[in-house]
Each structure stands twice: as C-alpha cells, then as structure tokens.
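Residues in the sequence shown are numbered consecutively from 1, following the UniProt record's numbering.
Each residue gets a CB set at the ideal place from its N, CA and C atoms; glycine is no exception.
Let me begin by presenting the structure, written as structure tokens, before commenting on it.
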Amino acid sequence: MRMKESFTKNFRHATLNFIFIVLFVNVFQYIFGMENSIVGVIFTIMMSASMVRDLTATPVKHLCIQTGVLFLMAVAACFVTSVPPMLALPVNLSMIFLILYAFTYEYVSHLYFPYILSYLFLVFISPVTPAQLPKRLLGVFVGAVCIILYQLVNGRNRVVETARDVLVSMIDEADGCIRCLLSAKGVPRNPEQLRAELCKLSKIVYDRRKSALCISDASFSMIDAGRGLENLVLLLYEMEGTVTEERAKMLRKLSASLTTFRSYMLRETSEIPAFSRLDFGPQDSGEAEQFYQCLVYIRGQMLQMTRPEKQKHYRRTLLSLSTRLKAALRVSPVRVIYALRVSCLLALCTLAVQLLALPHGKWLLFTVASVSLPYADDVGTKAKKRMRATLIGGACSIAVFSLISSMTGRTIVMMLSGYLSFYFTDYSGTFACSTVGALGGAVIMSAFGWGPVGYLSLVRLGYIVLGVLIAFLANDVFFPFKRAVATRQLVQKYVSTTEFLSRVCKEPDTDPQLYYGLVIQAHLQEEKLRQNAEELSWDGAKELLERCRQAVRQAHRSRPASCSMS
1 MRMKESFTKN
11 FRHATLNFIF
21 IVLFVNVFQY
31 IFGMENSIVG
41 VIFTIMMSAS
51 MVRDLTATPV
61 KHLCIQTGVL
71 FLMAVAACFV
81 TSVPPMLALP
91 VNLSMIFLIL
101 YAFTYEYVSH
111 LYFPYILSYL
121 FLVFISPVTP
131 AQLPKRLLGV
141 FVGAVCIILY
151 QLVNGRNRVV
161 ETARDVLVSM
171 IDEADGCIRC
181 LLSAKGVPRN
191 PEQLRAELCK
201 LSKIVYDRRK
211 SALCISDASF
221 SMIDAGRGLE
231 NLVLLLYEME
241 GTVTEERAKM
251 LRKLSASLTT
261 FRSYMLRETS
271 EIPAFSRLDF
281 GPQDSGEAEQ
291 FYQCLVYIRG
301 QMLQMTRPEK
311 QKHYRRTLLS
321 LSTRLKAALR
331 VSPVRVIYAL
341 RVSCLLALCT
351 LAVQLLALPH
361 GKWLLFTVAS
371 VSLPYADDVG
381 TKAKKRMRAT
391 LIGGACSIAV
401 FSLISSMTGR
411 TIVMMLSGYL
421 SFYFTDYSGT
431 FACSTVGALG
441 GAVIMSAFGW
451 GPVGYLSLVR
461 LGYIVLGVLI
471 AFLANDVFFP
481 FKRAVATRQL
491 VQKYVSTTEF
501 LSRVCKEPDT
511 DPQLYYGLVI
521 QAHLQEEKLR
531 QNAEELSWDG
541 AKELLERCRQ
551 AVRQAHRSRP
561 ASCSMS
C-alpha cells in the first residue's frame with residue numbers, strides 16, 4: 001500500500017528527474033569524452049543535493065566557490081592517482097579534510113556526502129592523467145555553472161514560497177486561537193510548532209545572506225513579521241477571563257485583520273489597509289492597545305519585506321573588520337573533530353587500497369564514507385541499513401544478472417534500478433537500488449551465470465562488511481563523538497547567544513547586522529537543540545529553551561515601542 005502511494009505521488013517527479021539525468025549524462029559524455037562521463041553523473045547528484053541550500057541570492061559568489069572547490073577536487077584526484085601512494089597521502093588527507101569541514105554544518109543540513117562521494121568517484125571510478133586534466137577541469141567548470149543554473153530554475157521562488165507558507169501557517173494558528181476564544185473552547189497551545197516555523201524563516205535568511213553580518217532589510221522585516229505573529233499568538237494564549245462583548249468585538253476585528261494579512265501573503269491583494277485604533281476597543285483598554293500595536297507592527301514588516309528596494313538594500317555593519325573576520329572565520333569544534341577523524345580514516349583506507357591494489361577497493365571507501373557520521377549515536381543505525389540494503393540488492397542482482405546475459409538487458413536493469421530509487425525515501429531502499437546498479441557495472445561484460453555473478457556479489461558484500469566494521473570501530477569505539485557531548489556544547493552556545501542578545505536588546509543604538517545575526521543564530525541553535533533533545537529523549541530541553549526565549553522576549557518588550565519586538 002505504501003509503495004503504491006509512493007509510486008502515485010512520485011511518478012511525475014521521478015520520471016522527469018530520470019529523463020533529465022540520462023540526457024544530461026549523455027550530452028556531457030558526448031561533449032567531454034567517455035573519460036569524463038562520471039563527471040556528468042557527479043553533477044546530476046550535486047545539482048539535486050544542492051537544493052537543501054538556497055544559492056540564488058548570490059549566484060556569482062557561489063559559482064566561484066563551487067568552481068574553486070571542484071577544481072581542487074579534480075586536481076587532487078589526478079595527483080593522488082598519478083604519484084606513489086605515500087606521496088599522495090598528505091594531499092588526499094588535506095582535500096578530504098577541506099571537503100568535510102567546508103560542507104558540514106552545525107545547525108543546518110549537511111552537504112558533505114555528495115562532495116566526498118564525487119571526490120572518491122574521481123579517484124577510483126574514472127581517474128585521468130595529467131594530460132587529460134585540462135579537459136576535465138573544463139567539464140568541472142561547466143558542471144559548476146549547471147549547479148547554479150539548476151538552483152536558479154528550481155529555487156528562484158524558494159524564499160517567497162517559504163515566507164508565504166510560514167507566515168500563512170502562523171496566521172492560521174492565530175485565527176484558530178481566536179475561533180476557540182469566541183466559541184468558549186480551550187485554546188490549543190502549540191508554541192513549539194510556532195517556533196519551528198519561525199526557525200524556517202531564519203534558515204532561509206541565513207542561506208541567502210551575502211556574507212556574515214550582511215543581511216538585507218527585506219530579510220530583517222521577514223524575520224520580524226514572523227516574530228510579530230508569534231508574539232500575537234502568545235498574547236492570545238495568555239488571554240484569561242470571560243470573553244465579553246467588547247472583547248468579542250476586538251477578537252473579530254483581529255480575525256478580519258488576519259484575513260487581510262493572509263490575502264496579502266497569497267497575493268490576492270496588493271496592499272494592507274491601515275488599521276484604526278478605535279476599531280479594537282476603548283482608548284483606555286490596555287489589552288486592545290497591545291493587540292493593535294502588534295497588528296500595526298506586523299503590517300509594517302509585511303509591507304517592508306515585499307518592497308523591491310528593501311530586498312536590495314544592505315545596511316553597513318558598525319563592527320570593525322577584525323570582528324567581522326572573526327565572525328566569518330569562526331572555527332567550529334564539532335566540524336573540526338568530524339572532519340579530522342573521517343579524513344584520516346578515508347585517507348588511510350585509500351592508502352591501503354592503493355598499496356594492496358584491491359580491484360574493487362572503491363566499495364570499501366564508499367562504505368566507510370557513508371557510515372562515518374558526525375555523531376557516533378547514528379553510526380550503528382546507518383551500518384544496519386547499509387548491510388540490509390546490500391543483502392537485498394545483492395540477492396536481486398544475483399537473480400537478475402545470472403538470468404540476463406546480454407549487455408543490453410543488463411543495461412536496462414541498471415537503468416531501471418536507478419529509476420526505482422526515486423520512489424524510496426528510506427536509505428535502505430535507495431541503497432538497495434544502488435547495489436543493483438553497482439553490481440551491474442561490475443558484471444556487465446565479465447561475469448555470466450550463477451557462479452561468477454554470485455562470486456562478485458560476495459566480494460562486494462565482503463568489502464561492505466569490512467567497511468562497516470572499520471567505520472564502526474573508528475567512529476563508535478575508538479574515537480566516538482556522542483550527540484550528548486555536542487548537545488552540552490550547544491547548550492552553552494545557546495545560553496551565551498541569548499544572554500548576549502538580551503543585552504543587545506537593551507542598548508539604545510544597536511547595530512542591526514549584529515542584532516539580526518544573533519537572532520538568526522539563536523533560532524538555528526534552538527532548532528538543532530530541539531532535534532538533539534528529541535533524539536536523546538531529554539525532557540529538560542523545553543524548560544531551558546522557554547527560559548532563554550522568555551528572557552529575550554522580556555528584553556524586547558522593555559524597549560521603546562518604536563524598536564523591534566518579539
């Protein structure tokens with residue numbers, strides 16, 4: 001049943017993606033030669049993987065970064081395969097460390113795996129000689145351009161869609177609270193979901209910032225619109241006592257105002273009319289005044305965030321160059337520990353494979369890279385999934401490739417396995433399909449019948465088992481880095497960030513770039529803390545988060561009315 005639902009839901013997406021990949025790889029191979037066909041495969045992986053981040057705000061900057069990293073990967077891979085293994089070791093180690101550190105993130109989704117996998121592909125699947133390197137570098141540059149173009153085509157409206165979805169969701173939450181109050185039902189409280197929505201806004205702004213401490217005015221307003229709506233919902237949560245006729249009138253006006261906000265976010269109207277204070281209740285009503293000011297604030301921020309001139313305006317930070325450099329180059333212990341551990345492991349495994357001339361050693365490297373995760377807690381689960389997928393995919397491969405001996409038939413099976421992988425969301429399913437494709441590539445022209453195909457399947461299984469064992473011992477036994485340790489470090493950072501933010505809130509003249517940088521950082525840290533607390537079943541996390549949020553909220557509310565609120 002679940003497979004049927006997945007097929008129905010993903011058919012169009014899977015089919016279009018598969019056709020795109022086949023066309024892209026074939027065109028790339030036609031232009032840059034058979035030796036660079038693997039580069040085409042690499043970029044189909046990277047284009048899809050890159051969508052976890054928004055690179056469209058500064059495409060030229062990201063093109064330069066992508067080109068630089070990919071050039072280094074291509075040159076390093078060529079060097080590693082062209083010189084003696086011992087001489088290649090330091091270069092290989094440095095390149096892997098750079099990839100892991102650059103594309104592992106503390107608070108947002110990691111991007112390291114497609115880059116590490118691509119680098120290993122360049123080393124083990126399709127190495128080139130120094131004479132062939134210029135053509136590969138040209139192909140790599142074209143691939144980097146394709147990544148950015150893919151982003152611009154598929155992600156050009158991401159910020160608008162994210163802001164719309166998040167703000168409309170928060171508007172609906174507020175409207176739901178009002179309906180419950182008017183019908184004398186209990187108000188369902190879900191502050192954690194509100195906060196999760198707010199963190200989505202901070203993440204998209206974080207992705208789209210030009211650099212550290214360089215955020216547009218429109219992004220400031222987007223975050224403030226979300227925080228204003230959060231504040232509105234919290235005020236509704238705090239409402240106590242009987243809903244009098246006067247209160248009911250105010251709540252109905254609030255609901256009508258929220259409808260206007262929703263229409264504006266959905267582009268059903270191009271303006272939000274100004275509000276009249278008298279519509280919300282008597283001038284001497286503190287409650288009415290509070291809700292009125294909240295709506296006025298939200299309206300102002302929504303209008304500001306959609307102004308084209310605000311989207312292009314970046315206020316200069318008042319912080320010194322040295323402070324900005326420290327913020328941009330801040331070293332993360334979590335990233336350093338992970339990058340150092342896994343780069344040493346992969347570099348030593350590469351050395352062993354080269355010295356021993358293992359014919360299918362790439363399977364060992366791919367497994368070690370896949371199972372070596374930032375937190376030791378996750379290694380066992382990933383190892384079990386990889387083993388399960390290897391056994392399932394291996395059994396399917398033996399059955400299919402032993403019966404089908406023609407190159408055309410085997411090629412069709414490999415392509416079909418790649419197509420079917422789009423229908424799986426769990427790692428076991430996708431890797432089982434990858435196993436069929438990998439074994440198909442190994443047996444396609446050299447192994448026929450049950451014996452040879454079964455032997456190659458057992459060889460692959462042996463490499464996978466060895467890779468899982470090495471990764472487990474290195475990451476979970478000898479050099480473990482537990483989620484609990486990272487969480488304790490993150491708690492200290494979060495408390496420090498929120499305390500600093502509370503102090504900044506109380507200053508009359510605050511650097512906006514510093515202020516919003518701290519707001520975003522606090523939101524990202526909070527989201528990661530929530531995820532870790534859920535994994536660790538840590539019940540005290542909610543109390544800690546609420547205490548820190550409340551301190552920041554009180555600092556905001558103590559500011560003059562003209563200043564930002566939370």
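| Item | Value |
| --- | --- |
| Cα-Cα separation, histidine 13 to leucine 420 | 12 Å |
| Chain-order list of residues whose beta-carbon lies under 6 Å from that of arginine 189 (same chain, five-residue window excluded) | Tyr237 |
| Cβ of leucine 117 within 9 Å of any chain D Cβ | Absent here is chain D; the protein component of the structure consists of one chain. |
| Rounded separation between proline 127 and leucine 63 - CA only | 24 Å |
| Residues bridged to serine 216 [DSSP beta-bridge criterion] | Tyr314 |
| Between the CA atoms of alanine 484 and alanine 376 - distance to the nearest angstrom | 10 Å |
| C-alpha distance - glycine 281 paired with leucine 234, whole-angstrom precision | 20 Å |
| Cβ-based neighbour list, leucine 536, same chain, cut-off 7 Å, excluding 5 preceding and 5 following | Arg483, Ala484 and Thr487 |
| Contacting residues, own chain, Cβ-Cβ under 8 Å from isoleucine 38 (five flanking each side not counted) | Phe121, Leu122, Ile125 and Ser126 |
| Serine 211, DSSP secondary structure in three states | strand |
| Where leucine 266 falls: helix, strand or coil (DSSP) | coil |
| Enclosing alpha helix (DSSP H) for valine 142 [first to last residue] | 133 to 154 |
| Residue span of the alpha helix (DSSP H) that contains proline 130, given as start and end | Where proline 130 is concerned, there is no enclosing alpha helix (DSSP H), given that its DSSP letter is neither H nor E. |
| Three-state class that DSSP yields for tyrosine 115 in the structure shown | helix |
| Nearest residue (CA-CA) to tyrosine 462, options Met387, Ala163, Pro191 and Gly176 | Here residue 462 turns out to be glycine, not tyrosine, going by the sequence shown. Of the listed residues, the one whose Cα sits closest to glycine 462 is Met387. |
| Test item: CB-CB of alanine 57 and valine 159 under 9 Å | yes |
| Unbroken alpha helix (DSSP H) run spanning phenylalanine 43, endpoints | 37 to 49 |
| Alpha helix (DSSP H) segment containing aspartate 172, residue limits | 158 to 182 |
| Beta-carbon proximity of valine 69 to tyrosine 115, cut-off 9 Å | yes |
| CB of leucine 181 within 9 Å of CB of leucine 251, strictly | yes |
| CB contact flag (glycine 241, cysteine 294, <9 Å) | no |
| Range of the contiguous alpha helix (DSSP H) that encloses glycine 418 | 407 to 420 |
| For serine 343 and phenylalanine 97, the rounded distance between their alpha carbons | 5 Å |
| Span separating the alpha-carbon of valine 108 from that of lysine 253 | 39 Å |
| Spatial distance of valine 336 from glutamate 106 (CA atoms) | 11 Å |
| Where proline 333 sits in the DSSP three-state scheme | helix |
| Distance CB(methionine 47)-CB(cysteine 146) smaller than 9 Å | yes |
| Of the residues Leu356, Arg341, Gln354 and Ala389, the one placed nearest alanine 369, counting alpha carbons only | Arg341 |
| Three-state secondary structure (DSSP) of glycine 186 | coil |
| Three-state secondary structure assigned by DSSP to phenylalanine 103 | coil |
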